[in-house]
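Below: one structure, written as structure tokens.
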Amino acid sequence: MTKSDLRARFSNYWREVDASEVARMSASIQARISRIPVWDEVETALLYLPKTHSAEIDLRAFIEELSKSNVRIVLPVVTEFGRSRIAQARIEARLLESYDELILNRWGIPEPVTGQQIDITRVDVAVVPALGGGRNMYRIGHGYGYYDELLAPARCPKICPIPSGCLVESVPFQDHDVPVDYIVTEVETIGAGDAL
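First residue of the sequence shown? That's 14 in my numbering, and the numbers climb one at a time after it.
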């Protein structure tokens, strides 16, 4: 299957899944993510907040747990909308200082209005969204390449939470695509020896 075929398949899955199933999967995935052996020394973590107008794995409870453990939470902020590839990433990592200071961008994604910009190379772990992914550790997003651009210089472990219904054996990839270290579904964690 091509990336476009997979994107259409995964998008259809997300359109059909109901909110209670997303909540169930999100709880299971958060528990699995918390057991990945990368969190002991984490000071700064890049995560994301779910879109307001469509289904997405919701990590808010996990973000709250990390915050209580004094982990600095960094969220992506879109700085330029569009599909064209440019030399710089079109999203930046910004410190979450308060939920009260979040605004919705044009795609319905909550972003910090204020908050210090954090160099992605200073992030200890990144948890990034996707429509789906493959056991070859590549993810399929919406086709804009934002996260690939942001994560290209990062050397931290990268974790991608997806439903098992959006996991395939292999995702086609190109040179600019950034693989993840772990793919986490509600039923399994793939990566780093798969012993989780």
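Glycine included, C-beta positions come from ideal geometry on N, C-alpha and C. Please read these numbers as outputs of a predicted model, since none were measured by experiment.
Simplified DSSP state of residue i, which is helix, strand or coil
i, result
"V184", "coil"
"K81", "helix"
"E105", "strand"
"L88", "strand"
"E124", "strand"
"Y61", "coil"
"T198", "coil"
"C179", "helix"
"I133", "helix"
"A74", "helix"
Close-in-space but distant-in-sequence residues of the same chain around residue i (CB under 6 Å, 5 per side omitted)
i, result
"L62", "P123"
"Q130", "E105 and R107"
7 Å CB neighbourhood of residue i in its chain, flanking five on each side removed
i, result
"T134", "P166, A167 and R168"
"L127", "A quick correction: the sequence has Thr, not Leu, at residue 127. Contacts found: E110 and E114."
"I153", "K16, L19, R20, F23, A143, L144, G145, G146 and V184"
Alpha helix (DSSP H) segment containing residue i, residue limits
i, result
"A36", "A32 to S47"
"A21", "K16 to E29"
"Y159", "Y159 to L164"
Buried or exposed (CB count within 10 angstroms, at least 16 for buried), residue i
i, result
"E69", "buried"
"I76", "buried"
"A44", "exposed"
"M150", "buried"
"E199", "buried"
"P89", "buried"
"E162", "buried"
"G204", "buried"
"A32", "exposed"
Residue i Cβ short of 7 Å to the ligand NAP heavy atom set
i, result
"P142", "Inclusion of the ligand NAP in the displayed structure is not the case, the ligand content being empty and no account of it being possible."
Cutoff 8 Å; reference residue i; Cβ partners in own chain excluding five residues on either side
i, result
"L164", "I133, A139, V141, K171 and V191"
Unbroken beta strand (DSSP E) run spanning residue i, endpoints
i, result
"L117", "L115 to L117"
"G146", "G145 to G147"
"V139", "Rather than Val, the amino acid found at residue 139 in this sequence is Ala. Here the beta strand (DSSP E) through A139 covers V138 to V140."
"C173", "K171 to P174"
Are the segment 172-185 and the segment 145-153 in contact at 8 Å, needing three or more beta carbon pairs? yes
Touch check for the segment 26-33 and the segment 101-110: three-plus C-beta pairs under 8 Å? no
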